[in-house]
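Going by this note's numbering, the sequence shown opens with residue 136, and the numbers climb by one from there.
Beta carbons are placed, not taken as given, at the ideal position from N, Cα and C, and that holds for glycine.
All values derive from a computational prediction rather than experimental measurement.
This report concerns only the one structure given below.
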Amino acid sequence: MRLSRYFLPILKENPREAEIVSHRLMLRAGMIRQQAQGSFSWLPLGKRVLDKVNAIIREEQNRAGAHEIIMPTVQSADLWKESGRYNAYGPEMLRIKDRHERDMLYGPTNEEMVTDIFRSYVRSYKDLPLNLYHIQWKYRDEVRPRFGVMRSREFLMKDAYSFDLDYEGARAAYNRMFVAYLRTFTRMGLKAIPMRAETGPIGGDLSHEFIILAETGESAVFCHRDFLSLPVPPEDVNFGDDAEIGGIVKEWTTPYAATDDMHDETAWSEIGEADRLSARGIEVGHIFHFGEKYSKPMGAKVQGPDGKDHFVSMGSYGIGPSRLIAAIIEASHDESGIIWPESVAPFDVVIINMKAGDADCDRVCEELYAAHRAAGLDTLYDDTDQRAGGKFATADLIGVPWQVIVGPRGVAAGDVEVKRRSTGERDVKTIETLLASLGKGG
Numbered sequence: 136m137r138l139s140r141y142f143l144p145i146l147k148e149n150p151r152e153a154e155i156v157s158h159r160l161m162l163r164a165g166m167i168r169q170q171a172q173g174s175f176s177w178l179p180l181g182k183r184v185l186d187k188v189n190a191i192i193r194e195e196q197n198r199a200g201a202h203e204i205i206m207p208t209v210q211s212a213d214l215w216k217e218s219g220r221y222n223a224y225g226p227e228m229l230r231i232k233d234r235h236e237r238d239m240l241y242g243p244t245n246e247e248m249v250t251d252i253f254r255s256y257v258r259s260y261k262d263l264p265l266n267l268y269h270i271q272w273k274y275r276d277e278v279r280p281r282f283g284v285m286r287s288r289e290f291l292m293k294d295a296y297s298f299d300l301d302y303e304g305a306r307a308a309y310n311r312m313f314v315a316y317l318r319t320f321t322r323m324g325l326k327a328i329p330m331r332a333e334t335g336p337i338g339g340d341l342s343h344e345f346i347i348l349a350e351t352g353e354s355a356v357f358c359h360r361d362f363l364s365l366p367v368p369p370e371d372v373n374f375g376d377d378a379e380i381g382g383i384v385k386e387w388t389t390p391y392a393a394t395d396d397m398h399d400e401t402a403w404s405e406i407g408e409a410d411r412l413s414a415r416g417i418e419v420g421h422i423f424h425f426g427e428k429y430s431k432p433m434g435a436k437v438q439g440p441d442g443k444d445h446f447v448s449m450g451s452y453g454i455g456p457s458r459l460i461a462a463i464i465e466a467s468h469d470e471s472g473i474i475w476p477e478s479v480a481p482f483d484v485v486i487i488n489m490k491a492g493d494a495d496c497d498r499v500c501e502e503l504y505a506a507h508r509a510a511g512l513d514t515l516y517d518d519t520d521q522r523a524g525g526k527f528a529t530a531d532l533i534g535v536p537w538q539v540i541v542g543p544r545g546v547a548a549g550d551v552e553v554k555r556r557s558t559g560e561r562d563v564k565t566i567e568t569l570l571a572s573l574g575k576g577g
């Protein structure tokens, strides 16, 4: 992508309305545009990151055996009345009427709708286990939306919903999602720590929030230092082996970990001081087992091996991709801008032409641009005529992991400079060497 032809509305000044780092940097880097309070348009740079985040989520959900669907944003209120949640949900629900005066709503979540889909088609335990997920925009009428996409009214959400014959099956489904979440966040360059969360009136111990540590986190968290070195399951982990998956979950839930509202000072005091880690954290995912909370009032049942009908045991598993991007920035930035993990960066490399219009610089940049793209790398080429300082500032602000700097002196000597954004390290390479590493040249 040539920067001269790309829509990248960089802001030089910090927006006054931005209270936290991620909101400020997303606006400055031209990733988003606020349209109304708590509502944002995703501009090309932000959309590229969002697509990469969604791709990782999809791959790990599919690997764990979930099936992707997509459900409507506008839902009939009848389903919510059937479950008993329509009046209980509160003012966060955006209630509307269609032209026939039927009660409708803009979905804040999808338990009722997915339960309706399930009960319409599934009749036998032989069709279980089943896990359906979608990635869809949702709306919650927050009384005070703030912090940009971290707490907005309209947001993108990945919801998965599992259906099983009984509690044991539901627990196995829960464990599969638990492991899928560990892999998902690790692939995005994050260390996510599962912390036991409130289960509400349902009770039990099957509810975890996945928290990443960040100095600017919204809540206090407490955990054992062992979490920093626990091995994340590999790509070939066997999701079909319940015992193997359960063992991983046990390993990741044995050390102490709690958010401020679940913190137990007595248990905390029993941990050696050197092993305690107290920090700030940001929630990036939540998994939750709720049993028959929706299947019973909505009649979602299957015939079991005993010939009797059983209300299915369900769970839900959420990740907010739009919120997650803000969390990644909160955890990975410096005074110059964003530092993207390579897996979710909008571009892999930016080629910076220090003297656009110079025949030799232009020639080398074009050759490098073509070679990087041929190697399958998402490449941004800064071919603009702005000053060198501005080009460096833009590259650092948008956080592209690698910068290839091409200037007249270097070209004359047959060299280019390669900078790694995350560390600031610079390395001079010959043009031949760089092309060869991409599969071109000598």
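Need the endpoints of the beta strand (DSSP E) that residue i sits in, please.
i    : result
V184 : Segment 179-198 is the alpha helix (DSSP H) holding V184; no beta strand (DSSP E) there.
L88  : Nothing about residue 88 can be read from this structure; the chain reaches only from 136 to 577.
Y504 : Per DSSP, Y504 belongs to no beta strand (DSSP E); it is in the alpha helix (DSSP H), 494-509.
T565 : 561-565
R168 : 167-171
V437 : 436-438
D444 : 444-446
D518 : First-last for D518: undefined, no H or E at that position.
Since residue i and residue j are thought to touch, with beta carbons under 8 Å apart, how far apart are those beta carbons, to the nearest angstrom?
i    : j    : result
D361 : P390 : 5 Å
H421 : A332 : 7 Å
E351 : E465 : The amino acid at residue 351 is misidentified as Glu; the sequence shows Thr. Confirmed, about 5 Å.
S297 : M449 : 6 Å
I205 : H269 : 5 Å
P456 : I192 : 6 Å
L400 : I346 : The residue you asked about is not Leu; residue 400 is Glu in the sequence shown. Not a contact, Cβ separation roughly 19 Å.
A199 : F374 : 5 Å
T514 : D493 : Contact flag wrong, Cβ pair sits at about 20 Å.
A171 : I145 : That pair is no contact at about 23 Å.
Any idea if residue i is buried or exposed, counting beta-carbon neighbours within 10 angstroms, 16 or more meaning buried?
i    : result
G147 : Residue identity differs from the one stated: residue 147 is Lys in this sequence, not Gly. Exposed, by the Cβ-count rule.
G577 : Summary for G577: the model assigns pLDDT 39, below 50, so the residue's position carries little reliability; its value from the coordinates is reported in the next sentence. Exposed, because fewer than 16 other Cβ atoms sit within 10 Å of the Cβ of G577.
F142 : exposed
K293 : buried
P368 : buried
G338 : With a pLDDT of only 47 at G338, under 50, the local geometry of the prediction cannot be trusted, and the value read off the model is given with reservation. So G338 ends up on the exposed side.
V563 : exposed
V278 : exposed
G173 : buried
K428 : buried
A529 : Before going further, note that residue 529 is Thr rather than Ala in the sequence given. Label assigned to T529: buried.
N245 : buried
G283 : buried
V356 : buried
D631 : It is not possible to answer for residue 631, since the shown part of the chain is limited to 136 through 577.
E408 : exposed
Would you mind reading off the limits of the alpha helix (DSSP H) that contains residue i?
i    : result
V384 : 377-388
F527 : 523-533
S457 : 456-466
S157 : 156-163
Give the secondary structure of residue i by DSSP, where H, G and I count as helix, E and B as strand, and everything else as coil.
i    : result
N310 : helix
L348 : strand
W475 : coil
G304 : helix
G545 : helix
E400 : helix
V284 : helix
P329 : strand
R137 : strand
T558 : coil
I337 : A caution first: I337 carries a pLDDT of 49, below 50, which makes its placement in the model too unreliable to give a value.
Y316 : helix
E408 : helix
D361 : helix
S430 : coil
P480 : Note that residue 480 is Ala in the sequence shown here, rather than Pro. Three-state result, A480: coil.
R151 : coil
L573 : coil
D371 : coil
P392 : Strictly speaking, residue 392 in this sequence is Ala, with Pro absent from that position. Here A392 sits in strand by DSSP.
T208 : coil
D441 : coil
D469 : strand
D213 : helix
Enumerate, from N- to C-terminal direction, the unbroken alpha helix (DSSP H) stretches of 4 or more residues contained entirely within the region 216-244.
-> Positions of the alpha helix (DSSP H) runs, each at least 4 residues long and wholly inside the region 216-244, cannot be given because no such run exists.
Of all the alpha helix (DSSP H) runs that stay within the bounds of the region 247-282, which reach a length of 4 or more residues?
-> Listed in chain order, nothing qualifies, since the region 247-282 has no complete alpha helix (DSSP H) run of 4 or more residues.
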